[in-house]
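So for the sequence shown, this note's numbering puts the first residue at 42; every next one is plus one.
Working notes, beginning with the structure itself.
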Amino acid sequence: MRNYIRIYRTVWRDLDRYRRFYINCLRSILIQNRIIGYLLMVNLICFTPVNAFLIWSIIFGGIEFITSLLIIGVIIAQMTYIFGIHLLVVQYPKRIHLSSKILIAINSRMITSSIRIQERIRLTNDIMAINVTNRYGITYGTTQLVTAGTFLKQLLAFGNVRLYLNEYNRY
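Now the structure itself:
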């Protein structure tokens with residue numbers, strides 16, 4: 042009986058620690074999503090056309106060499122900023138699902154012990170809440186989740202603008 046009480050206390054201490062961690066993680070992501078997600082979307086909407094215009098201006102001339110170096114520096118700084126923010130934001134969904142290892146360890150301890158069915162159902166609900174098809178993380182405003190794939194789409198869109206400008210420059 043003492044062994045059962047010790048296992049029961051250990052499992053629920055770990056489960057409470059997990060719940061606090063997960064709730065704090067979600068709260069942090071929701072707060073950061075309000076700020077970072079909106080700014081990321083605005084920056085992409087503003088920087089991409091501005092960078093395309095600046096590249097277009099450099100390609101078609103009419104800009105002095107020193108000015109073009111300054112413009113290239115601004116473009117590189119903006120692209121580095123966008124890439125850096127994406128690199129940080131893409132890690133959020135992975136970080137959220139790291140805590141599922143704690144739940145699986147707790148679940149394996151509960152299977153071997155004789156804990157009531159209510160606690161097992163509660164734990165199963167917690168596992169289902171984290172392992173859903175909807176992924177959590179930072180979004181582009183209210184549109185879609187920021188992932189490596191969506192960032193790659195953004196880079197390809199910017200690359201297509203550059204290819205279009207190169208093709209237009211040939212004629």
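Note that beta-carbon positions come from the ideal geometry of N, C-alpha and C, so glycine has one too.
First through last residue of the alpha helix (DSSP H) which encompasses residue i
i: Val-91; result: 79 to 100
i: Gly-125; result: 106 to 130
Residue j beta carbon less than 8 Å from that of residue i
i: Phe-215; j: His-127; result: Because the chain spans 42 through 212 in this model, residue 215 falls outside it and cannot be assessed.
i: Gly-78; j: Ile-179; result: yes
i: Ile-116; j: Ile-96; result: yes
i: Ile-70; j: Tyr-133; result: yes
i: Val-131; j: Thr-89; result: no
i: Ile-104; j: Ser-98; result: yes
i: Cys-66; j: Ile-137; result: yes
Contact with chain D by residue i, beta-carbon distance below 8 Å
i: Gln-159; result: The structure shown contains no chain D; it is built from a single protein chain.
Inspect the CB distances between the stretch 69 to 88 and the stretch 120 to 130 and report whether three or more fall short of 8 Å.
Contact between the stretch 69 to 88 and the stretch 120 to 130 is present: 3 or more CB-CB pairs across the two stretches fall below 8 Å.
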